[in-house]
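Numbering-wise (my numbering), the sequence shown opens with residue 30 and increments by one.
Here is the structure we will look at, set down as structure tokens.
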Amino acid sequence: MNEERYLDQLAAAYVRGHALHTGTPSLPETLLCTPPEELSAEQIEQLIGAGQKAELKLCRFKASHKDLPRVRSVLGFLKGISFESLVDVGSGRGVFLLPFLTEFPWVAVTAVDILPYRVGFLKKIADGGIRNLKAMEANICEQPLPADSADVVTMLEVLEHIPDVEAAVISAVRIARKHVVVSVPSKPDNNPEHIHLLTKEKLTALFSEAGCEKLNFSGVNGHLIMIATVG
């Protein structure tokens, strides 16, 4: 499969995980059992082809997602720091998470989402062989993870959806050992699921009250990005 179009290893893992969970598509034992890093280019082609034939939604694995300015900006920051674990809150369709897994295959990742079908999608990727990924169905406001359990917490295009923003921020800061990375829309839009417009001033107040003294802000294409240093 054309590398410029798909995140091939992740797409192949999803096809394998889907087959393990549902029996579809039907795959030979070698394609199911070979560790992902040992799959040949031809075997990856076979897996993706089987997924396409079974009409699985592989469009979620388009490599072009990593070129979104807000995703590229966050990945750029992460490439400049040292970290071994990350919690991604509200992973959704994986617009950030999937490129991240490709760029940082050694980082232990916990993906948290409140929607069961989103978590099911991510579990299929993990079960298909992406061993550094764990998917968890949970509400971040309920503090589902221990304190200081990850180096970095990402909350990208998430806070504007959460009714209790303060609880979500407190939980994220509690979980993170080093940084919390946030992106939110920088101007009003017509998305009915966006219940907050979180300005620089509002984010500063929220994260300062949660104990973060160092905050860095930037903006890309209608999005505000904030990096909070914890501790």
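For every residue, glycine included, the Cβ atom is placed at its ideal position computed from N, Cα and C.
Please report the residue range of the beta strand (DSSP E) in which Asp117 lies.
-> Ser114 to Val118
Grab the span of the alpha helix (DSSP H) containing Val41 for me, first residue to last.
-> A small fix is needed here, since residue 41 is Ala in this sequence, not Val. Its alpha helix (DSSP H) spans residues Asp37 to Thr51.
Between the C-alpha atoms of Val136 and Asp193, what's the straight-line distance to the nearest angstrom?
-> 29 Å
Is DSSP giving Glu32 helix, strand or coil here?
-> Summary for Glu32: the model assigns pLDDT 41, below 50, so the residue's position carries little reliability, and this model does not support an answer.
Work out the CA separation of Ser200 and Phe236 for me, nearest whole Å.
-> 11 Å
Residue range of the unbroken alpha helix (DSSP H) whose run includes Arg99 | Pro98 to Lys108
Inter-residue Cα distance where the pair is Gly52 and Leu61 | 11 Å
Report all residues from its chain with a CB closer than 6 Å to the CB of Val182; omit the five preceding and five following residues, and keep chain order.
-> Val116, Ala201, Ile204, Ala205 and Val209
If you scan the stretch 139-219 from start to end, which runs of the beta strand (DSSP E) of 3 or more residues do you find wholly inside it?
-> 162-166, 179-185 and 205-214
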